[in-house]
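Worksheet: one structure, shown below.
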Amino acid sequence: MDVFVSDTSKDIENIQKLQQLIQPAMQNGASLLEAAEILTNDNFNILKQKLKDMQTRQEQMQQQQQEAEAQ
């Protein structure tokens, strides 16, 4: 089990900023499920990990698309 020490007020501020970015993210390919996960999660460290996972998936999809176009 991981234990994180954080500044709660700063985490809340960061989460609110992330929530404001949901609509632009969805316009750029984020799924509704990913948006819901961001909206409903109140742990900033978990949100950061989810965002990293989302970015990795997006990069993999872009690479697959480029490979398909190259064939």
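When the count follows the numbering used here, it moves up by one through the sequence shown with no breaks and lands on 80 for the last residue. Heads up, the beta-carbon is just placed ideally off N, CA and C, and yes, glycines get one too. Source: prediction; values computed, not measured.
Shown here, A79 sits in a helix according to DSSP, grouped into three states. The three-state secondary structure of D20, taken from DSSP, is helix. If you look at L42, you'll find it in the alpha helix (DSSP H) that goes L41 to T49.
For the pair L27 and I55, the CB atoms are not nearer than the 8 Å cut-off. Leaving aside the five residues that flank Q29 on each side, none in its chain has a CB nearer than 6 Å to its CB. With a cutoff of 8 Å on beta-carbon distance, A39 and M70 are scored as not near each other. Taken through DSSP and simplified to helix, strand or coil, N54 comes out as helix.
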